[in-house]
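Report on the following structure.
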Amino acid sequence: MKVLTPASVEFSRPTSVAELDKEIRADIEADEREREALARRFDLMSLDRLRASVRIAATAGGHRIRVEGTLDASVVQTCVVTLKPVESTVQESFAVDYVPESDVDEGEAIDFDPEGEDPPEVLRDWTIDIGELVAEQLSLALDPYPRHPSAGPVGGAVWQDDSGDSDEKPNPFAVLAQLRKSPDS
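Residue numbers (the numbering used here): 33 to 217.
In structure tokens form, the structure reads like this:
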């Protein structure tokens with residue numbers, strides 16, 4: 033697994049929340065170089081647009097930071113069947129909670145409910161990289177199996193039976209029955 037360092041983050045917008053006395057609002061947009069780098073990272077044919085609006089606010093008496101936002105992206109992925117380009121628009125809302133590193137007990141077990149909210153992220157150095165957060169949310173919102181309309185329906189037959197008898201399924205033991213009837217045996 034590749035660990036991203038600040039120098040390797042393709043879309044970085046570090047935002048200090050050290051003295052968050054009121055909410056912070058930000059509108060961010062990736063430039064061409066950032067979009068090209070993110071397209072390589074997420075194995076996209078292209079990323080033509082990526083922008084987001086975020087709101088950062090302290091909650092739980094200042095012991096938790098919540099980032100809420102929406103992202104809007106225009107992507108071109110490769111069809112998993114035909115390898116043709118598949119254009120799509122991604123519009124996603126997200127909310128992520130952060131807790132200060134000092135509030136995290138490293139030895140404590142984490143209770144995780146797959147149906148519930150995600151556990152909070154650890155806030156290091158009182159800085160949240162909202163660009164990287166938006167990039168992560170984009171990666172989660174991408175279609176993992178993009179299909180071009182010419183790929184046909186999902187779950188369709190891999191082969192076509194041209195025998196004309198479409199109501200009856202082929203019997204896998206029919207070949208054995210023919211061998212049994214063979215005069216050579």
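Just so you know, even glycine gets a beta-carbon here, dropped at the ideal spot from N, CA and C.
For Asp104, the CB contacts under 8 Å within the same chain, skipping 5 residues up- and downstream, are Arg81, Leu82, Arg83, Ala84, Thr121, Val122 and Gln123 in chain order.
Burial state of Glu42 is buried, judged by a 10 Å Cβ sphere holding 16 or more other Cβ atoms.
With contacts defined by Cβ atoms closer than 8 Å, Asp129 and Pro152 form a contacting pair. Taking the C-beta atoms as reference points, Arg67 is found no nearer than 8 Å to Ile162. By a beta-carbon distance limit of 8 Å, Glu133 does not contact Arg98. Their separation comes to about 17 Å. Taking a contact as a CB-CB distance under 8 Å, the pair Val118 and Arg73 does not count as one, their CB atoms being some 18 Å apart.
Where Val122 is concerned, the enclosing beta strand (DSSP E) starts and stops at Pro117 to Pro132. Counting of Cβ neighbours within 10 angstroms places Val154 among the exposed residues, the total staying below 16.
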